[in-house]
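Protein chains in written order, with my numbering: chain A, 6 to 245; chain B, 244 to 618.
Cβ coordinates follow ideal geometry from the N, Cα and C atoms, glycine included.
This one's a predicted model, so the numbers in the text were calculated from it and none came from an experiment.
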């Protein structure tokens, strides 16, 4: 593990405390603040959006990654690579803005932007992981007469999925962070108090939204580091 | 072995865009989406020309890349020109606020065609360099020749041209300033991180944590934080710092660009092979000379790659500057979102993407040149 999970978890809890309605009204006694239940419900829908978007992106990314590394999809390697590189040039906010006219205000533009953002790193991660499968293992599998489907299931996939975990983790973290931007397109997320705070010049709400968004991102990151720690304990060599 | 070839599938997608979805839309004003118009209704027999060129490019693509590129460029040119020419008759008898907009089919066609062009040019190195230039020249000729003037994006552009040019210039200046700030802050820190492993651990963790903070949150949080700071130290306000405007945007963008720059410096300085460094030490070279004559030149490709990543990030992140009053292209995007005006959103968003792609391409070219020159 490159960094302990305790740091992001601790920071997340601290920021969550600071974001709560009670703390904000202590810091800004005269301002209108958002109460804690409302923040929690926004956090719930924020997390739901992020998980849906990242989930679709991950499933599509892994599926496409496996497809372009089969002989059937081999010619698609390069175009997919250049498409992935081009997609990196589209900032999340711009992706949400571009999806807005087609899909209207609400959750849809956010989910689309999240899928796009999850898809590309996962796709690249999958291609990289499949290519890291040793040639000798594939040759041996062919030699004992396994079919391509059996090779994928019994040889490649068990070697590939542990290498995928970092890409999946960063896809979920990225989605948690990016979902905040969805508030600009009318999705109910923790970006909502930020947008309200900017519109009403309310520093308290601006701060609450920012702290709560960061808190959720840190907590998600910490939780996944923790999960990765349990999963990799002793099983995987340290790859760095 | 069966394979799924690229060009036929992409051509089928482009045809789907051309024939399957609304090509243009006629709307009474710039804020509504309007009634969709198929490509047959909009382009008449030119549809056949576009479709023929597109289909013809597929079988010649592998063996005659230049000819395939020419056919695809012609298909694109005819489609754009015919769309532009279709607009004025559609607007006849409509109120002056009426617009002819590009529909979903148009955008699907455009995107897949660009992919097909990239793919067609791939086999020949010379073509990979000339095709984008020819494409740009063709688009410039269509735009400046006035062929697209009646389409809504061009109408919106003419109404906003000075504001847009200012926003583009400001966006570039702000991104460059944020990059400069990040370089000033994080290059020395990278040097320090390479020298001291404790510093590397602490700085790496801190910058990694910054990356986890959502951009919207950092931009938002900097306003109250800067407000508190300026209330505590009023002298800073006289020094030009402010809670709204360029200050929070520059700080937030520089902080995000910090990680790639910092990591690039640390990894780049460590790229010199150990035995080479030991040989240099054995020859009695001072560590200062080892740094400048060994580590820096050998780390150069890594420095450049991290500079490219940071620059592209700065251009994209500066879009959020529109939210905190820094202006730039983000302000145009937000104005378009607030009005639900598709054309205005596109006018803000497309330059951001094109600018990022352009800078990325140029810096990649520099990296390639450097790699070849070193061999």
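Contacts of residue i in chain A (Cβ-Cβ under 8 Å)
i	result
residue 588 of chain B	102, 103, 105 and 106
residue 365 of chain B	83
residue 464 of chain B	211, 212, 215, 216 and 219
residue 455 of chain B	13, 178, 182, 219, 222, 223 and 226
residue 580 of chain B	102, 105, 189 and 190
residue 592 of chain B	99, 102 and 103
residue 470 of chain B	208
residue 555 of chain B	93 and 94
residue 576 of chain B	98, 99 and 102
residue 562 of chain B	96, 98 and 99
Bridge partner(s) assigned by DSSP for residue i
i	result
residue 279 of chain B	B:268
residue 394 of chain B	B:343
Residue from the options with nearest C-alpha to residue i
i	options	result
residue 400 of chain B	B:610, B:579, B:261 and B:513	B:579
residue 271 of chain B	B:383, B:538, B:521 and B:334	B:334
residue 576 of chain B	A:159, A:82 and A:102	A:102
residue 425 of chain B	B:261, B:554, B:274 and B:285	B:554
residue 357 of chain B	B:294, B:412 and B:318	B:318
residue 226 of chain B	A:227, A:205, A:191 and A:208	For chain B, the structure presents residues 244 to 618; residue 226 of chain B sits outside this window and is missing.
residue 665 of chain B	B:611, B:613, B:618 and B:600	It is not possible to answer for residue 665 of chain B, since the shown part of chain B is limited to 244 through 618.
residue 105 of chain A	B:275, B:489, B:248 and B:534	B:275
residue 68 of chain A	A:36, A:35, A:123 and A:19	A:123
residue 496 of chain B	B:543, B:448, B:277 and B:560	B:560
residue 412 of chain B	B:355, B:573 and B:394	B:573
residue 585 of chain B	A:107, A:156, A:143 and A:217	A:107
residue 428 of chain B	B:445, B:505 and B:451	B:505
residue 207 of chain A	A:34, A:12 and A:49	A:34
residue 214 of chain A	B:336, B:365, B:538 and B:459	B:459
residue 313 of chain B	B:361, B:291, B:354 and B:330	B:361
residue 116 of chain A	A:188, A:43 and A:14	A:188
residue 110 of chain A	A:204, A:186 and A:222	A:186
residue 118 of chain A	A:60, A:27 and A:48	A:60
residue 26 of chain A	A:211, A:80 and A:143	A:211
residue 417 of chain B	B:548, B:568, B:480 and B:257	B:568
residue 501 of chain B	B:549, B:260 and B:373	B:549
Contact list for residue i against chain A, beta-carbon separation under 9 Å
i	result
residue 278 of chain B	Residues of chain A passing the Cβ test: none, with the nearest at roughly 16 Å.
residue 347 of chain B	107
residue 608 of chain B	Result: empty, since nearest Cβ-Cβ is about 14 Å, beyond 9 Å.
Under 7 Å from the C-beta of residue i: neighbouring residues of chain A
i	result
residue 245 of chain B	77
residue 467 of chain B	208, 211 and 212
residue 248 of chain B	80
residue 596 of chain B	94, 95 and 99
residue 599 of chain B	94
residue 409 of chain B	In chain order: nothing, as chain A lies at least about 19 Å away.
residue 585 of chain B	106
residue 603 of chain B	94
Residue i: CB within 8 Å of a non-hydrogen atom of the ligand MG
i	result
residue 184 of chain A	For the ligand MG, the structure offers nothing, since it holds no ligand at all.
Amino acids of chain B, ordered along the chain, whose beta-carbon sits closer than 7 Å to that of residue i
i	result
residue 87 of chain A	361
residue 185 of chain A	457, 459 and 460
residue 196 of chain A	459
Neighbour list for residue i in chain B, Cβ cutoff strictly below 9 Å
i	result
residue 199 of chain A	459, 460, 462, 463, 464 and 566
residue 202 of chain A	463, 466 and 467
Residue i: contacting residues in chain B (beta-carbon distance under 8 Å)
i	result
residue 16 of chain A	452
Query raised in the report: Touching or not, the region 423-439 of chain B and the region 296-313 of chain B, by the rule of three or more beta carbon pairs under 8 Å?
Result: Not touching, per the Cβ criterion.
**Report entry** Start-end ranges of the beta strand (DSSP E) lying completely within the region 19-54 of chain A, minimum 3 residues
**Finding:** Fully enclosed beta strand (DSSP E) runs of 3 or longer: not present.
**Report entry** Entirely enclosed alpha helix (DSSP H) segments - the region 121-206 of chain A, minimum 4 residues
**Finding:** Within the region 121-206 of chain A, the complete alpha helix (DSSP H) runs of at least 4 residues are 140-148, 162-183 and 196-205.
Query raised in the report: Are the region 474-489 of chain B and the region 506-521 of chain B touching by the rule of at least three beta carbon pairs closer than 8 Å?
Result: They do not touch, by the three-pair rule.
**Report entry** Given 8 Å, three or more beta-carbon pairs between the region 174-182 of chain A and the region 52-70 of chain A
**Finding:** They touch, by the three-pair rule.
Query raised in the report: Touching or not, the region 129-147 of chain A and the region 156-167 of chain A, by the rule of three or more beta carbon pairs under 8 Å?
Result: The count of Cβ pairs closer than 8 Å, one atom from the region 129-147 of chain A and one from the region 156-167 of chain A, reaches three, so the stretches are in contact.
Query raised in the report: Can we say the region 264-282 of chain B touches the region 89-98 of chain A, given the rule of at least three CB pairs closer than 8 Å?
Result: Touching, no, given that fewer than three Cβ pairs across the two stretches are closer than 8 Å.
**Report entry** the region 192-208 of chain A in contact with the region 217-226 of chain A per 3-pair CB rule at 8 Å
**Finding:** With three or more CB-CB distances shorter than 8 Å, the region 192-208 of chain A counts as touching the region 217-226 of chain A.
Query raised in the report: Of all the alpha helix (DSSP H) runs that stay within the bounds of the region 83-112 of chain A, which reach a length of 4 or more residues?
Result: Counting only runs of 4 or more, we get 97-108.
Requested in this report: Would you check if there are 3 or more beta carbon pairs closer than 8 Å linking the region 529-537 of chain B to the region 458-475 of chain B?
Outcome: Between the region 529-537 of chain B and the region 458-475 of chain B, the count of C-beta pairs closer than 8 Å stays below three; the two stretches do not touch.
Query raised in the report: Hey, is the region 601-618 of chain B in contact with the region 110-130 of chain A, meaning 3+ C-beta pairs nearer than 8 Å?
Result: Result no; under three Cβ-Cβ pairs closer than 8 Å.
Query - Every unbroken alpha helix (DSSP H) inside the region 303-338 of chain B [4 residues or more] - result: The region 303-338 of chain B contains these whole alpha helix (DSSP H) runs: 308-334.
Report task. State whether the region 296-305 of chain B contacts the region 368-388 of chain B, with contact taken as three or more CB pairs (one from each stretch) at a distance under 8 Å. Result -> No, the region 296-305 of chain B does not touch the region 368-388 of chain B.
Report task. Would you be able to state if there are at least three C-beta pairs under 8 Å between the region 74-90 of chain A and the region 585-594 of chain B? Result -> Here the region 585-594 of chain B makes no contact with the region 74-90 of chain A; the two share fewer than three CB pairs at distances below 8 Å.
**Report entry** At least three beta-carbon pairs within less than 8 Å, the region 276-289 of chain B to the region 325-334 of chain B
**Finding:** Yes, they touch.
Requested in this report: List in chain order: all unbroken beta strand (DSSP E) runs of 3+ residues lying wholly within the region 384-463 of chain B.
Outcome: Scanning the region 384-463 of chain B from its first residue to its last, no whole beta strand (DSSP E) run of 3-plus residues comes out.
Query - Runs of alpha helix (DSSP H) wholly within the region 475-504 of chain B (minimum 4 residues, chain order) - result: For the region 475-504 of chain B, whole alpha helix (DSSP H) runs of length 4 or above, ordered along the chain, are 478-481.
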